[in-house]
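According to my numbering, the sequence shown holds residues 1 to 1204 in order.
Where a beta carbon is used, it is the ideal one built from N, C-alpha and C, also for glycine.
As the structure is a computational prediction, the values presented were derived from the model and not from experiment.
What follows is a single structure, written as structure tokens, with notes after it.
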Amino acid sequence: MRFLHLFLTLALSLSFNTGVYASSIANVIEQTSKKLIPPVPSTDTVSGIFTTNTEEKELERTKIKRALATCKAEEEPFNTTVSKRLQELKKKITCAKEELRNKPSNEFLEKEVTILNESYHLLKEAKQNYEKLIANYELNLKLHDAYLNDPHFKQIDKDLGICDERHECTLEQFQDLSQRIRDQKKAIVQLNEQRKNIQLELENRNQDMLILTDKNIKKIEKVDDTFELDAYQQKVLADLEIKLEQDRKTLSEIRKHETEQRKELIKMEVFLADLQLDKLQMVLKTIKPFISVQESTIAHAHDELVKKRQFFFEAQDAYDQRIEIITQRQKEIDKALQQAVGASTITLGPDIDDWSREPVQSVTGYFELFEIASLNTSILLLNCQREFIEVQRTLADRIIKEETVYLDIKKTFKKLVSHACTPEEIVQEKQKYESPNARAKADELSFAAQKGEANVQLERQKKALTNITNKRQTLHTQRSMLFKHHAQEYTRCLELLNGAETKVKRQIDLIGKLIAKYDEGILFAQKTIKHINFIMTELEGEVMWGRSAHAISWRGIKRSWSDIISFFHHIYDYLKTIRFTAVMRWCADQITHPVRFFIYGSMLFLFALLLLGLRALIGMILAFLERSAPKGHTPHILRMLGIMFAHYFNYYFTYWACWFMLFFALNLYVVDDPYPYILFYLGSIIYVIALEYAFVCYFSDFNEQHNNVFLSTTLQEQFLVVLGSLLYVSSSLLLFREAFLLDTQQESELPAILLAATVIIFQIALIFLLAKIIKQVSNSIPTKTERLIFLRSTIDRYHYLILIFLTIIMILSNPSVGFGNLVVHVLGRAILTMFVIGVLLLIHQFLKYLSSFVFFYSESGIVRERFAHGKTWYGLFVITIFLTFISIAAIIIAKIWRWPEHIANINGWPDIVNWLRTPIMFEKTAEVPISVFSILQVVGFVLAGVIIALAINRIVFAKIFNVLMIDSGAQNAIASIASYVIVALATIFGFQAVGRGDLVVWVLGALALGLGWIVKDPLGDFIAYFIILVQRPIKIGDYIWIDETNMGVVRKITPRAVIIRKRNSTMIIIPNMRIIAHPLTNWNYQRGFIAFEDITVRIGRQHDPAFVKTIFEQVLDANSFVLKSPRPIVRLNDFDDYGFVFIVRGYISTNYTLEQWDIASDVRLAIIKELRKHNIQIATKTHIIFERTEPEQAVIPEETTPDF
């Protein structure tokens, strides 16, 4: 790249001695730097509109591989060149330092060494950044290769041991997968945070690039004259400074490229992490229905737990014995320690624990101190040993409890999987885990606190070890002085020190093991908490999303169609086996049993008599109903319904009797073969539908013959549609279900699905019928009063919404669907939420009503303010209580729904304060972040300032003004200024109180900027008016173009603005500053000629471009407005995918400025005419879109081809 070329070439030319070697190195760098950091590959390649992730990553991989190959190809020349450069710089630095030793006060040499050192470090850092760049490329390429080799992440299935969708999953696998998903989410959050940080870093790199400009380099050329240097030295230092600044700029650019590559790497990591999370969640969703917890697994875990408990109880005795031995030994040593302390003047303390106390300079002082400290060290060691044993015993107990909890979790999860838990049992299960969860959290905190104490103790013992070493050295120094004649005491002191050192080392080793045990305890506690949180989440989901054991499964629904096809295949196979001779043989066998045949015939005869009696009874009921004449509307409707049903069954009795006779006959004579019954039920579907259709028609005719006794004409049509659909569908489903149940060759959930569908359809039909009845009732509601009008409009507006709502509730509440718990959960909380909102609104309205008496009073029917600005204060009070009630409602509703957690966990005023103190701005960049609490503090200071200002105006200024008799206008001005000053001071104090006093400067600066901004534009326009008059960039009558919407003829120039008239005769007023500050086009600035806009024409490649150019020139020559001098321009401007690209430019007189668009239009029309005359077509592009119907394949990108 150009910057690296400049960097290395100048570095060699300025730092090396001039000569053949330097020039040859510069030439090498000049060739190397062109390919050192490869440019970003062009993305102008035509690609499709729709591309898959695989195609996109394949393209990215190709670019990265190409860039990496270029980098690696130039890595060795670059490293060789930079290494030589570093060696030369090191030599020059060494020489300069040698000269500086001879001339220590030489300012030139000091400056030269400083610059050379900085250049040396810059080069080393550039080399390191280049290595990081290659590493980023390689890692990014590896990630792309990994994704392209496994775009569907099948390796995850292998790692989890999942072979297919129906793979059985254990509880442990399910928990591991859930934990992996949680870890993946945390990783994605961290990656996104890194992505933001890299983006900020990249912005900082860009800012550094802006700062290090050529202007900064030019400023360095002016060397500070404070140094007493000659011209040559100043020139050398100036060159070094310029080079150093260029080095900084070069390094900044290399860093920028390395940061960009790191950003791309993080982008790829985020992409892969998101896809992996989606894959894990999909796997979790897939395997969750197949989780199995076997009884044998639970029994084996129970047996293992019993064994561990037995082993734990046996180990308890061993732990107690060891502790008893340590306690007895500790008592003996403590007794000896107390005797030693009593026999000396030494007192125990922390400095004895860490051996930091200095002995008295005597033989006895040394011996007494070392003896007491050694005994104290023994006691500390025993304490540590006892603590280690107690931790072991505690961990063993926690392991047993954790295993117990995990066994309970398995049992609970087995109940959940088998849907064997009632809501009451789920509540009991949740309560069962509350105590273990609290204990685990307490253990985690306890182990963490003990670990902290152990770390402090470890540091103390390390310090003690150092002090013992120092005291041994001191003892050696005193051997020839203080202990010169006390060799025995010296040996005893040395033995005490050596023994204490051994004990301290053992204690350090033991504390390290103790810390490891605490870490183990923390991990066990966290593991227990995770297990409990897992089962609590499942229990919560079971309460809300749990379905009953009788609910149909989605797998059963998906298998329904295949079960139906299999059912009909069985019928078809049976029909193929039927033979007429076999049927006749069966009939002959039945006749050979006359007794059974007689009984069978007698039963059929009795059933036929029963049907005849039923018909006679229907006739009697019909005669009775026709003779009776009940009073009242409802009895009359019921009578007519009875007559209608009696007439229908009387008329169609024979058809129904035949079906019932056949049904009774089949059920009376039991046949082992189920298929006759199956065929009967399937054949009955069409037969029963025909009878139901006859009933619907009969109902319609009966209602019309009796003057719409049941339903009106409009409602009857809709009612019959619903009724007919209900009868046809329900009877078909029920008969088909009975037939399917008789097929014993397959087990399926289809019967339950059919029954559930029948019930749901029946419920929906009832709801629709109810809706139609309500609609008819609402239409009959009179509109005499406003309440009746409101009732009718409300029913008309919301009855469809209520209908849909009831339909959804009834479907979800159906036992076969199994979401009754969800409906109860949502409805209960929704009702409670509406109740809370209603109560708070009533309280809010009541407080508004009471506060109106505080701020206002009524006099002669007119409401007046009790004090000045009463309306304002009333509005502020209402807004304040409204916001307060919103906060209260948010907390209560969050607790009802248990979401969001940070609001639902608020249990008192401290929690509210902590929530208000949560940073919302500058939490990472400012020392004092901004929170809701700090904003409320500032608002409180402002309100206090307003109150103080009002009090001063009412109390202080009122008395002063009454005495001095000041004019009312002056009073108002003084009072207003005083109020503004007090409020401003209160605001400043508020910002200071929350620790953000630095923002006051910005606020004042913003106010000053605002005032300056107000007067800036008028003053600037007035100055620009004189500039326009003097320089005359525009004149009255000129045609100017400012932008796409502002163009026209200048009509007037005023001190404030320029007035122009557009072509549609509308006037535009443009400020003078815009005329001066922005570029514009003045077509009449110079008298003579102008060119209309270039005309671009694209001609197909099969035509002769020279001939086409001749045609264009002839067209221009033929136009009378196009000038002959200067000559018009026709140019073959470009070759593209569609043909030859010509531009046509003609010049016209400035007198025709306003007609230039018409002239250009005439030229275009003439060009088209001439081209068509010579059978030359303008090339256009055609889009051909191919669409594939195969799934999981992207649409082929659109292809662009020239059309001639």
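Cα-Cα, which of the options is closest to residue i?
| i | options | result |
| --- | --- | --- |
| residue 843 | 886, 829 and 818 | 886 |
| residue 114 | 97, 693 and 775 | 97 |
| residue 762 | 778, 729 and 330 | 729 |
| residue 304 | 406, 209 and 181 | 406 |
| residue 277 | 822, 1134, 184 and 146 | 184 |
| residue 484 | 380, 566 and 362 | 362 |
| residue 1168 | 1149, 1144 and 1148 | 1144 |
| residue 879 | 899, 851, 858 and 892 | 851 |
| residue 742 | 793, 676 and 764 | 676 |
| residue 202 | 259, 734 and 104 | 259 |
| residue 179 | 537, 1123, 306 and 1069 | 537 |
| residue 121 | 106, 1089 and 90 | 90 |
| residue 436 | 535, 415 and 414 | 535 |
Along the alpha helix (DSSP H) that carries residue i, what are the first and last residues, could you check?
| i | result |
| --- | --- |
| residue 1097 | That residue, residue 1097, is in no alpha helix (DSSP H); its beta strand (DSSP E) goes 1095-1099. |
| residue 828 | 820-855 |
| residue 291 | Element bounds for residue 291: n/a, residue is neither H nor E. |
| residue 82 | 53-102 |
| residue 627 | 594-627 |
| residue 561 | 560-577 |
| residue 938 | 932-951 |
| residue 870 | 870-897 |
Can you give me the C-alpha to C-alpha distance between residue i and residue j, rounded to a whole angstrom?
| i | j | result |
| --- | --- | --- |
| residue 988 | residue 997 | 7 Å |
| residue 600 | residue 578 | 24 Å |
| residue 497 | residue 465 | 10 Å |
| residue 387 | residue 829 | 51 Å |
| residue 1129 | residue 1029 | 37 Å |
| residue 448 | residue 519 | 8 Å |
| residue 555 | residue 291 | 15 Å |
| residue 247 | residue 119 | 7 Å |
| residue 374 | residue 500 | 5 Å |
| residue 231 | residue 208 | 32 Å |
| residue 737 | residue 680 | 13 Å |
| residue 462 | residue 377 | 13 Å |
| residue 1109 | residue 1089 | 23 Å |
Let's test the definition: count the other Cβ atoms within 10 Å of the Cβ of residue i and tell me whether it reaches 16, buried, or not, exposed.
| i | result |
| --- | --- |
| residue 934 | buried |
| residue 1209 | The structure shown has nothing for residue 1209, since the chain only spans 1 to 1204. |
| residue 69 | exposed |
| residue 397 | exposed |
| residue 658 | exposed |
| residue 1235 | Absent from the model: residue 1235. The displayed extent of the chain is 1 to 1204, so no value can be given. |
| residue 507 | buried |
| residue 1016 | exposed |
Quick check on the DSSP output: the beta strand (DSSP E) that includes residue i runs from which residue to which?
| i | result |
| --- | --- |
| residue 1130 | 1129-1136 |
| residue 1083 | No beta strand (DSSP E) contains residue 1083, which DSSP labels as neither H nor E. |
| residue 865 | 862-865 |
| residue 484 | Where residue 484 is concerned, there is no enclosing beta strand (DSSP E), given that its DSSP letter is neither H nor E. |
| residue 1057 | 1057-1061 |
| residue 1206 | With the chain running from 1 to 1204 in the structure shown, residue 1206 is simply not present. |
| residue 1149 | 1147-1149 |
| residue 1089 | 1089-1091 |
Examine the Cβ distances between the stretch 873-892 and the stretch 830-843 and report whether three or more of them are shorter than 8 Å. yes
So, do the stretch 1155-1173 and the stretch 1090-1104 have three or more beta carbon pairs nearer to each other than 8 Å? yes
Under 8 Å: do the stretch 520-536 and the stretch 398-417 share three or more Cβ pairs, one atom per stretch? yes
Inter-stretch contact at 8 Å, needing at least 3 Cβ pairs: the stretch 1059-1074 / the stretch 1028-1047: yes
Evaluate contact between the stretch 239-248 and the stretch 105-123, counting only Cβ atoms and requiring at least three cross-stretch pairs below 8 Å. Verdict: yes, contact present.
Hey, is the stretch 1097-1115 in contact with the stretch 1132-1151, meaning 3+ C-beta pairs nearer than 8 Å? yes
Given 8 Å, three or more beta-carbon pairs between the stretch 139-154 and the stretch 57-64: Touching, yes.
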